[in-house]
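Asker: Below are the structure tokens for one structure; questions will follow.
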């Protein structure tokens, strides 16, 4: 619902808030910290979405479906890239397909925007979109893959009907060398950031870079991460990589 500092998008839109921990990549999720902060600020939408565990906020699994937020992209006259549900997952099992249809309708009615929908549940995404959903040229569909334990998400993403398929290898906490980007158009790579950030090895990035070359997928390097992501920067192989997928629009 606001401008963002996320390097690969222009704005975020959150018709859903709240989530649940899915895999190792969720451990230090920034959205959990942000949701707890927003609740402390009195933002009703985030009330009860997190709880303290081990001194840190964790998702409770409670979701908030924000009907009012559905109309926000219609108020943006300038076209922009929009990250859908930076504070949730549109294909969380507790988001009804009927609500996904409402989101789809808004995206269809605002073709001036490009929507980037990222999920850790590409199997549900594929199943949900099989019936009654138009393939929208302005909607990019992606999944998160943090290590080899969830590499199956790439195969599940390939089953999703989409104009652009993409994968976010962030936080990259392990090798994904067993994967392939065939049928996937864009890869974002980033290390974990924050006080408990887990390290990212250069060899893991090299593997993805080569996978992109083999599959003719665009390569976007977001950050090295660490305790101070500004200090570690965004340079890889001596340059910044901000490649975006080619579209027919």
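In our numbering, the protein residues as written are 1299 to 1547. Each residue gets a CB set at the ideal place from its N, CA and C atoms; glycine is no exception.
#1: Please report how far the alpha carbon of residue 1391 lies from the alpha carbon of residue 1422, in whole angstroms.
#2: From the DSSP output, in three-state form, read off residue 1302 for me.
#3: By how many angstroms is the C-alpha of residue 1435 removed from the C-alpha of residue 1494?
#4: For the alpha helix (DSSP H) that residue 1404 lies in, which residues bound it at each end?
#5: Tell me the residue span of the beta strand (DSSP E) that contains residue 1520.
#6: How far does the alpha helix (DSSP H) with residue 1496 in it extend, from its first residue to its last?
#7: Within a Cβ cutoff of 8 Å, which residues of the same chain sit near residue 1501, ignoring the five residues on either side of it in sequence?
#8: Measure the CB-CB distance between residue 1347 and residue 1314 and report whether it falls below 8 Å.
#9: To which residues of the same chain is residue 1299 closer than 7 Å at the C-beta, ignoring the five residues directly before and after it?
#10: Are residue 1543 and residue 1484 close, meaning C-beta to C-beta below 8 Å?
Answerer: In terms of the structure at hand:
#1: 8 Å
#2: coil
#3: 38 Å
#4: 1395 to 1407
#5: 1516 to 1521
#6: Note, residue 1496: premise wrong, no alpha helix (DSSP H); not H, not E.
#7: 1473
#8: no
#9: Note that residue 1299 has pLDDT 47, beneath the 50 cutoff, so the model's placement of it is unreliable and no number is given.
#10: yes
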